[in-house]
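**Student:** The sequence shown: position 441 = 441 (UniProt numbering), numbered continuously. Dumping the structure here so I can ask a few things about it.
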Amino acid sequence: MNSFRLVTTYSPWLILACIVVGLLYAWLLYSKRTPWPKSINYMLAALRFVVVSFLCFLLLGPLVRYVANTTVPPTIVFAVDNSQSVSLFSDSVQLQQATQGLQAIRERLQDEGYNTEVRTLAAADQSPQNITEVNYGAETTNLSQLLSGVQEDYTGQNLAGVVLLSDGIVNQGISPGYANYNFTLYPVAVGDTIPKRDVLIASLRYNKVNYSGNRFPLEVELQQEGFGGTAATVTLSENGKTIERKNVTLKPEQPIQQVPFQVLAGGLGKRHYEVQVQPLQGEFTTLNNTKHAYIDVVKGKIKVLVAAAAPHPDIKAIRAAIETNQNYETELFIPGLTELKQEDYDVAVLHQLPGRVPGGEAALNLVRQKKVPALYILGPQSDLNNYNRLNAGVNISTSGQSDEVTAVVSGNFTTFNLPEAAGDRLQQYPPASVPFGDVRLAPNTEVVLYQQVGRVRTDKPLLAVQTAGDSRNATLLASGTWQWRIMESANNEQPEVYDKLITNLIQLLSAPRNKKRLNVYPTQEEYTSSDEIRFNAEAYNEALEPIYGQNITLRITNEDDETKSFNFANGENQAGVNIGTLPGGRYTYTASASINGQQQQDKGEFVVEELQLEALNAVADHTLLYQLASNTNSKLYYPSQLQQLEQDILSSDHKDVIYSSEELSDLVDLKWLFFLLLGFVCIEWFVRKFNGSY
């Protein structure tokens with residue numbers, strides 16, 4: 001039942017004063033002799049009385065209190081664990097008996113006035129309407145998420161209880177036994193608690209990223225039940241071809257044992273390996289005898305040439321900073337001390353090269369011939385004229401003098417980010433010596449650090465990066481930066497800013513120049529077979545400016561050369577294309593689009609990992625279900641006890657719950673009252689004018 005109530009912020013006795021004011025006002029106005037009949041005069045007086053009295057009443061600050069009562073019947077949610085293990089390892093007759101029985105209970109509860117709903121491990125809007133329609137295909141079991149979701153969705157909705165049909169096997173999320181639920185839980189147990197004779201691959205351990213040409217370890221965790229003393233064969237294969245085979249004896253006293261493989265990472269890109277333990281006679285199931293490994297084979301470590309005409313403390317500091325990243329390795333070249341190895345370097349660091357003294361020409365020639373991106377570090381021994389002829393993005397005119405400067409971060413450089421503490425720590429660095437003179441930047445060069453003389457920031461660059469064109473170069477106009485690293489270590493324990501600055505420069509210089517006008521890529525590098533796979537797309541014009549609305553064709557090819565095609569358009573605020581779920585495996589994709597009449601293409605690969613979690617454990621965990629029932633003062637039921645379950649729910653005598661909500665609002669905020677009063681005033685005015693008011 002809903003109710004209204006009118007309250008005031010002042011004494012209700014003041015309402016009498018409002019009435020008196022209205023009567024007095026009407027009497028003063030309409031007690032005189034009028035040209036219209038008395039009936040009209042009384043009507044006009046009544047209108048004036050109502051308007052004046054009500055306006056005075058509004059001055060008392062009246063409030064409208066609205067109380068709404070809602071009756072909510074008790075709700076029973078039927079939560080079904082629709083994971084694969086329930087159908088794989090439960091007796092089919094028993095499972096059918098349980099689902100049909102629960103559906104019958106649900107219908108009878110509805111006849112008794114209960115609200116009911118079916119929930120599964122999937123999202124609430126994807127759950128079926130009937131329990132008998134549940135598809136047991138979920139690849140993981142997260143009972144905690146299922147029960148917590150029910151509790152959250154039914155907050156304040158008279159949730160009387162949850163009937164949970166499950167085998168108790170949990171392989172994702174936290175155990176529901178540690179959670180507190182504010183409803184009664186009625187678990188219905190299916191599955192078999194008796195251990196089965198089985199041999200399975202429990203897990204694989206390996207590095208997901210490996211370098212080409214290296215061998216990497218792949219460790220197989222082999223688990224057995226009832227096969228102690230039996231010989232088993234474990235095979236490792238790729239693309240249907242067996243790479244290695246190992247014979248192991250399953251130890252009775254050791255249910256889990258390790259089988260190691262050493263695999264050669266050949267080629268580049270995603271590689272798919274299959275590990276299988278050959279089925280043994282008498283195994284309960286062979287669904288868990290196979291597991292898949294997906295690795296990404298990448299090029300070996302990035303090689304950085306550090307060259308100088310003579311030894312200098314900067315060299316050690318720079319090498320130490322570079323090697324903080326395990327993906328980088330340095331080669332040192334100092335004439336007379338080390339030899340220059342003729343290798344394919346990714347980046348070169350040239351300390352005071354070109355120099356005034358001979359000795360570094362070999363390194364310079366190697367950089368020029370192989371077009372290696374370089375970081376030039378200038379100093380007193382640098383030959384600035386020869387450096388200017390390299391067109392590395394910075395041109396320096398100097399009379400030979402130097403200046404002492406500190407470093408300031410450029411706010412306009414966004415190609416990479418430095419740590420948040422960079423601004424403060426740079427101010428702690430000791431001044432560095434730089435060439436004094438005119439410094440000009442090429443149009444394709446960006447400033448990373450500016451020079452600051454004393455407290456005055458200048459527009460002269462201290463560190464600049466050539467970011468456009470066919471090659472990338474960087475120039476640091478100061479030597480002696482080894483003091484920066486030592487000072488930062490002394491003040492902050494770790495030279496985070498210095499190391500990050502150097503490694504970011506190396507990463508930027510070694511990155512290939514992206515000139516693609518069509519860039520299509522999956523939003524994740526790896527998916528599972530239950531994930532929805534989404535692709536994003538970017539298109540660019542000839543000036544490499546983003547453009548939208550391009551029609552893109554995406555073709556996905558699996559390892560069996562089966563192809564699926566998708567068509568979509570890239571939008572400025574659109575989320576790309578969702579191609580749904582895919583079975584486990586390695587996939588390649590090709591995307592094509594016509595951009596300004598020219599056909600553009602992009603390609604790549606991604607991995608979908610088959611979870612196989614549901615086949616690992618064939619033994620039901622009814623102990624967990626018993627614990628859940630005990631925690632909510634209930635008990636565990638089996639499919640043969642569903643009649644008792646129904647009686648227990650009905651005997652709990654769950655009542656309807658009345659929820660009340662109260663709303664308090666100012667009467668003056670009601671717009672219809674304004675128009676009502678305005679209408680009364682207009683009627684009064686019209687009648688007076690019509691009847692000859694003066």
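Every residue gets a Cβ at the ideal spot worked out from N, C-alpha and C, and that includes glycine.
Could you give the residue range of the alpha helix (DSSP H) that holds threonine 475?
**Tutor:** Note, threonine 475: premise wrong, no alpha helix (DSSP H); beta strand (DSSP E) at 473-476.
**Student:** Suppose you measure from the CA of aspartate 81 to the CA of threonine 557; what does that come to, to the nearest Å?
**Tutor:** Linking aspartate 81 to threonine 557 through their CA atoms gives a straight-line distance of about 33 Å.
**Student:** Within a Cβ cutoff of 7 Å, which residues of the same chain sit near isoleucine 260, ignoring the five residues on either side of it in sequence?
**Tutor:** Sequence inspection shows proline at residue 260; the isoleucine mentioned does not correspond to that position. The residues are Pro217, Glu219.
**Student:** Are the CB atoms of asparagine 491 and glutamine 428 within a distance shorter than 8 Å?
**Tutor:** yes
**Student:** Would you mind sorting isoleucine 76 into buried or exposed? The rule is 16 or more other CB atoms within 10 Å of its CB.
**Tutor:** buried
**Student:** Whose C-beta lies closer than 6 Å to the C-beta of asparagine 541 among residues of the same chain, with five residues either side of it excluded?
**Tutor:** Ile547
**Student:** Candidates Val668, Ser175, Lys655, Tyr637: which alpha carbon is nearest leucine 185's?
**Tutor:** Just measuring C-alpha positions, the residue of Val668, Ser175, Lys655, Tyr637 sitting nearest leucine 185 is Tyr637.
**Student:** Return the first residue and the last residue of the beta strand (DSSP E) that valine 349 is part of.
**Tutor:** Annotation: the continuous beta strand (DSSP E) that includes valine 349 extends over 347-351.
**Student:** In chain order, which continuous runs of the beta strand (DSSP E) of length 3 or greater are located wholly inside the stretch 292-327?
**Tutor:** Within the stretch 292-327, the runs of beta strand (DSSP E) at least 3 residues long that lie entirely inside it are, in chain order, 302-308.
**Student:** Scan the stretch 133-215 and note each continuous beta strand (DSSP E) run of 3 residues or more that stays entirely inside, going in chain order.
**Tutor:** 159-166, 184-189, 198-205, 209-211
**Student:** Assuming contact is defined by CB atoms lying nearer than 8 Å, are glycine 226 and alanine 265 in contact in what I supplied?
**Tutor:** no
**Student:** Note the first and the last residue of the continuous beta strand (DSSP E) segment covering lysine 270.
**Tutor:** Unbroken beta strand (DSSP E) run through lysine 270: 269-277.
**Student:** DSSP state of phenylalanine 78, grouped into three classes?
**Tutor:** strand
**Student:** Closest to glycine 282 by C-alpha separation, out of Thr230, Pro252, Val263, Thr290, would be which residue?
**Tutor:** Thr230
**Student:** What does DSSP give as the partner residue(s) for aspartate 438 in the beta ladder?
**Tutor:** Ser397
**Student:** Which residue or residues does DSSP assign as beta-bridge partners of valine 220?
**Tutor:** Leu204, Val259
**Student:** At which residue ranges does the stretch 23-110 contain complete alpha helix (DSSP H) runs of 4 or more residues, listed in the order of the chain?
**Tutor:** 38-58, 84-89
**Student:** Below 8 Å on the Cβ atoms is my guess for leucine 250 versus glutamine 224; work out the distance and round it to an integer in Å.
**Tutor:** 5 Å
**Student:** Taking the alpha helix (DSSP H) that serine 592 falls in, what are its first and last residues?
**Tutor:** Premise fails: serine 592 lies in the beta strand (DSSP E), 585-595, not in any alpha helix (DSSP H).
**Student:** Tell me which residue opens and which closes the alpha helix (DSSP H) that glycine 423 is part of.
**Tutor:** Per DSSP, glycine 423 is one residue of the alpha helix (DSSP H) stretching across 422-428.
**Student:** Within 10 angstroms of the Cβ of isoleucine 658, are there 16 or more other Cβ atoms? Answer buried if so, exposed if not.
**Tutor:** exposed
**Student:** Where does phenylalanine 675 fall in DSSP's three states?
**Tutor:** Residue state, collapsed to three classes: helix.
**Student:** Relative to the C-alpha of glutamate 323, which candidate in Ala308, His312, Tyr25, Ile302 has its C-alpha closest?
**Tutor:** Residue Ile302 is the option with its Cα nearest to glutamate 323.
**Student:** Taking C-alpha atoms, which residue in Thr415, Ile295, Asp602, Leu366 lies nearest to arginine 586?
**Tutor:** Measuring from the Cα of arginine 586, the nearest candidate turns out to be Ile295.
**Student:** Measure from the C-beta of leucine 462 to each C-beta in chain B and report whether the shortest distance is under 8 Å.
**Tutor:** Among the chains in the structure shown there is no chain B, since it carries only a single protein chain.
**Student:** Kindly indicate which residue of Ala202, Asp424, Pro195 has the alpha-carbon position closest to the one of glutamate 614.
**Tutor:** Checked all of Ala202, Asp424, Pro195; the closest Cα to glutamate 614 is Ala202.
**Student:** Applying the criterion that 16 or more other CB atoms from any shown protein chain within 10 Å of the CB defines a buried residue, is alanine 511 buried or exposed?
**Tutor:** exposed
**Student:** Contact between the stretch 155-164 and the stretch 643-655 is defined here as three or more beta-carbon pairs at a separation below 8 Å; is this criterion met?
**Tutor:** yes
**Student:** Mind reading off the beta-carbon distance from glutamine 452 to valine 497? Whole number of angstroms is fine, and I expect it under 8 Å.
**Tutor:** The Cβ separation is near 16 Å, so there is no contact.
**Student:** Extract the residue ranges of the alpha helix (DSSP H) inside the stretch 365-418, only unbroken runs of 4 or more that lie entirely within it.
**Tutor:** 384-388
**Student:** Do you know how far the Cα of glutamine 627 is from the Cα of proline 128?
**Tutor:** 28 Å
**Student:** Taking arginine 271 and glutamate 238 to be in contact with their CB atoms under 8 Å, please state how far apart those CB atoms are, rounded to whole angstroms.
**Tutor:** 7 Å
**Student:** Near glycine 679, which residues of its chain fall below 7 Å by C-beta distance, leaving aside the five closest residues on each side in sequence?
**Tutor:** none
**Student:** How is valine 619 classed by DSSP in three states: helix, strand or coil?
**Tutor:** coil
**Student:** Considering only residues of the same chain and omitting the five flanking positions on each side of glycine 576, which have a CB-CB separation below 8 Å?
**Tutor:** Thr523, Arg534, Phe535, Asn536, Ala537, Phe568, Asn570
**Student:** Under the rule that 16 or more other beta-carbon atoms within 10 Å means buried, what is arginine 5, buried or exposed?
**Tutor:** exposed
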